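For any residue, its number in our numbering is found by taking its place in the sequence shown, counting from 1, and adding 8. Please read the structure below before turning to the comments.
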Amino acid sequence: MIDHVSIAVRDLQRAATFYEAVLGALGYTKLETRPATIAFGKKYSEFWINHRPNMPVVSHDSGAHIALRAVSPVMVDAFHAAALAQGGASDGEPGLRPQHGDGYYAAFIRDPDGNRIEAVTFMK
9 MIDHVSIAVR DLQRAATFYE AVLGALGYTK LETRPATIAF GKKYSEFWIN
59 HRPNMPVVSH DSGAHIALRA VSPVMVDAFH AAALAQGGAS DGEPGLRPQH
109 GDGYYAAFIR DPDGNRIEAV TFMK
């Protein structure tokens, strides 16, 4: 079982603002703030952003991403909309993805640093 994930960001404050809105759409809040890292979660620190100002820009898609569970399609839609409003990019509009399974409803975004994040729920 995974306890938490962390991603690198070049501008910690910009990323904090971005993720407060985007993760807020999924029910996460900011739980911890340290000089070079900020944690978000529902009950404990599950999602960390770490300041790496000299991180190189990723120029290719490795296929890696982090998927976060939403409780409804409305939350997936809100996650996607919040990402776009905060300067992120769509990497997959909200919708059903039957290639991933029955009722698989998801959206994919890229944060300002190029990290790929998915919100997913399962419709019955």
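All C-beta atoms, glycine included, are put in the ideal place defined by N, C-alpha and C. Remember, it's a predicted structure, so these values are computed and weren't measured experimentally.
With distances taken between CA atoms, I125 lies nearest to A90 out of K132, T45, A90. Unbroken beta strand (DSSP E) runs of no fewer than 3 residues, entirely contained in the segment 37-95, are found at 37-42, 45-49, 55-59, 74-77, following chain order. N62 has its alpha-carbon roughly 20 Å from the corresponding atom of T25.
Put simply, the segment 33-53 does not touch the segment 97-106. Fewer than three CB pairs are less than 8 Å apart. CA-to-CA, the gap between I57 and G35 works out to about 17 Å. Annotation for G100: the continuous beta strand (DSSP E) segment containing it runs 97-104. Residue environment: H12 is assigned as exposed (fewer than 16 neighbouring CB atoms within 10 Å of its CB, all protein chains considered). Where A24 is concerned, the enclosing alpha helix (DSSP H) starts and stops at 20-32. Taking 8 Å as the upper bound for CB-CB distance, S80 and T129 are in contact here, some 6 Å apart.
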